[in-house]
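Colleague: Before anything else, here's the structure in question.
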Amino acid sequence: MDKLAIYYLPAAGTLVGSLEGLLTQAGLAIEWSCCSAISETPVGALILLVDADLEQKEQALFAARRVILLAESTDFAASIRAVEGGALTCLPINDLERIALEIVALETQRRREPENVADSGMLQTVIDAIPVPIFFKDEHHVYRGCNIAFSEFIGLPLNKVVGHSVYDVAPAELADRYYRADCDLLATGGHQRYEAPVRCADGQLREIEFNKAVFFHPDGRPAGQVGAMLDVTERKKLVQQLEVASLTDPLTGIGNRRQFTLMAKAAVSEHRGAELPLSLLLLDVDYFKSINDNFGHAVGDRALQFMVAKCASLLREEDHLFRVGGEEFYVLLAKTELDEAAGVAERLCECLRNSSFAARGAQVKMTVSIGVVEVAIDRPLEENLSLADKQLYRAKREGRDRVCVADTREDTV
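Put into structure tokens, the structure is as follows:
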């Protein structure tokens, strides 16, 4: 006779001897196994669990196993809560005959059940033809079916999915997230869509869009949920790439005007809250058109890249350089007062004045004009830009290759 495997947690160990005798009288041979946690038991296992051993985090594993919960005292309401939580039943720990009878009834029912042929029926044939991963679970979060696409995507055969909980098919940290979403859906009904990572057959994490819905018993009670999975990993990467591209100058690789606007507004808010100074530089390459005219646009492009590299080498990590026009650049200087900003601008001018690069048998030199302003936090960003722009054009009028500084306390737009 095949032995019936029964697992028990430590607190139920005192019952084993007495139950062995009763179950032997009923004609059952038992193989007892003690374990320290439900997670150590196989899916579908018959488990005796005293409520003293119950850990709340393991209750999610009940539905994929056959748990008989034992308590010092039970009432109808407590038993209902146990069953709703996924246990088969809740019995008094001191009623050994009733516990033994429940085990006998479960084993008798199991032997009488005809083989479930639903998986080989028309429904399975239909969903297997769908190339999108599809699954469905009962109200206790146990998988009751899936298609080949789902099985292949997560790298588990059908018999390792059906009858198992999400904690049996996914890493715990991911399963927690899926389980919470399942609970929310069953509680609210309707449809649910969200994105979450899934570990696929090759071990990689892919970003998946879940689309799920609740289905119901004839009496209106939730019977479970059905879901489809869409791999959006590449789409999300593309969106991220497009977002980066929309904020980046393609020639120099630094931020563009759109990124400047976003970062400047955020910086103003941050510095206002912390009561810290923030300064702004406007740079324009002097006589840039002559570089293009004399050497060609390819060299002109190199000149801008050269200038950006030189400027970046003199700026701090918390400072930001942006290309906002053809040869026009902005610099945000974090936590920087006006005098310090003027010093930074002078160093930039000097560095570029004394630098050159080779092109077409000649040394290409360039200079910049710079307008400097300490951002007045109480003024709109556009007004601060106008003040810096006035100083930039003043530097050009006065001969270029120089720095002009705005006094925001006196200057007006």
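All letters in the sequence shown, in the order written, are residues 8 to 420 by the numbering used here. A virtual CB, placed ideally from N, CA and C, is assigned to each residue, including glycine.
1) According to DSSP, simplified to helix, strand and coil, what is Ala-383?
2) Could you tell me the alpha carbon to alpha carbon distance between Asp-408 and Ala-402, rounded to whole angstroms?
3) For His-171, is the classification buried or exposed, using 16 other Cβ atoms within 10 angstroms of its Cβ as the cut-off for buried?
4) Name the residue from Asp-58, Gln-232, Met-236 and Ser-43 whose alpha carbon lies nearest to the alpha carbon of Cys-207.
5) Taking the straight line between their C-alpha atoms, what separation do you get for Val-139 and Ala-156?
6) Does the beta-carbon of Arg-367 have 16 or more other beta-carbons within 10 angstroms, so that it is buried, or is it exposed?
7) Count the other CB atoms, across all protein chains shown, that sit within 10 Å of the CB of Ser-43; report buried if there are 16 or more and exposed otherwise.
8) To which residues of the same chain is Ser-86 closer than 6 Å at the C-beta, ignoring the five residues directly before and after it?
9) Do the stretch 378-388 and the stretch 281-295 touch if we need at least three Cβ pairs shorter than 8 Å?
10) Does DSSP classify Met-270 as helix, strand or coil?
11) Evaluate Gly-24 with the Cβ neighbour count: other Cβ atoms within 10 Å of its Cβ, from every protein chain shown; 16 or more gives buried, anything less gives exposed.
12) If you draw a straight line from the alpha carbon of Ser-253 to that of Leu-269, how long is it in whole angstroms?
13) For the stretch 70-85 against the stretch 143-150, do three or more pairs of beta-carbon atoms, one drawn from each stretch, fall closer than 8 Å, so that the two count as touching?
14) Under 9 Å, do Ala-220 and Val-239 count as touching if we go by C-beta distance?
15) Rounding to the nearest angstrom, what Cα-Cα distance links Leu-478 and Arg-118 in this structure?
16) From the DSSP secondary-structure annotation, give me the bridge partner or partners of Cys-153.
17) Bridge partners for Tyr-14 per DSSP, in chain order?
18) Pull up the distance between the alpha-carbon of Asp-256 and that of Gly-280, whole angstroms please.
Modeller: By the coordinates alone:
1) Here residue 383 refers to the residue found at position 376 when the sequence shown is read from its first residue. Three-state result, Ala-383: coil.
2) Here residue 408 refers to the residue found at position 401 of the sequence shown. Here residue 402 refers to the residue found at position 395 of the sequence shown. Taking the straight line joining both Cα atoms gives about 8 Å.
3) Against the sequence shown, residue 171 aligns to sequence position 164. Classification of His-171: buried, given that the 10 Å Cβ count is 16 or more.
4) Along the sequence shown, read from residue 1 onward, the residue named residue 207 stands at position 200. Looking at the Cα atoms, Met-236 is the closest of the given residues.
5) Within the sequence shown, the letter at position 132 stands for residue 139. Within the sequence shown, the letter at position 149 stands for residue 156. Answer to the nearest angstrom: the Cα atoms are 6 Å apart.
6) Along the sequence shown, one-based indexing puts residue 367 at 360. It counts as exposed.
7) Here residue 43 is taken as the residue at index 36 of the sequence shown, counted from 1. Result: exposed.
8) The residue given as residue 86 occupies position 79 in the sequence shown. Excluding sequence neighbours, Ser-86 sits near Cys-97.
9) yes
10) Sequence index remark: in the sequence shown, residue 270 carries index 263 (1-based). Helix.
11) Locating residue 24 in the sequence shown gives position 17, counting from the first residue. By the 10 Å Cβ count, Gly-24 comes out exposed.
12) On the sequence shown, residue 253 is found 246 positions in, with the first residue counted as 1. On the sequence shown, residue 269 is found 262 positions in, with the first residue counted as 1. Rounded to the nearest angstrom, the two C-alpha atoms are 12 Å apart.
13) yes
14) By 1-based counting over the sequence shown, the position of residue 220 is 213. By 1-based counting over the sequence shown, the position of residue 239 is 232. Cβ atoms of Ala-220 and Val-239: not closer than 9 Å.
15) In the structure displayed, the chain extends from 8 to 420; residue 478 sits before or after that span and is not available.
16) What you label residue 153 is simply residue 146 of the sequence shown in a count that begins at 1. Answer is Phe-142.
17) For this step, residue 14 is matched to residue 7 along the sequence shown. Paired residue(s): Ser-40 and Ile-54.
18) Numbered from its first residue, the sequence shown carries residue 256 at position 249. Numbered from its first residue, the sequence shown carries residue 280 at position 273. Their Cα atoms are separated by approximately 30 Å.
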